[in-house]
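Numbering (my numbering), first residue to last: 77 to 160. To keep things clear, I will list the structure first and then write my remarks on it.
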């Protein structure tokens, strides 16, 4: 069975840790992955709540939640970033 690596950054890392490895499900989107993580309960439910602005990346490229996750992918969740 294949797996994906899920990494967390900034405040999400503080709440959830640096990363975790999860089983990969063919056809799963980033949005479905986020929903599955939310269903785990605390602390995922608070950190990744739909009321919070959370960005996603797939293999180090910003991606929409509709993007399909390939086997062996690296997924990242992080709060919006502003800079100058």
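In this text, a Cβ means the ideal position worked out from N, Cα and C, and glycines have one as well.
Contact annotation, residue 152 with residue 110: C-beta distance approximately 12 Å; criterion of less than 8 Å not satisfied.
In the DSSP secondary-structure assignment, residue 152 is bridged to 83 and 133. When DSSP states are grouped into helix, strand and coil, residue 124 belongs to the coil group. Under the 10 Å beta carbon count, residue 138 is surrounded by fewer than 16 other beta carbons and is classified as exposed. Contact annotation: residue 132 and residue 118 have beta-carbon atoms that are not nearer than 9 Å.
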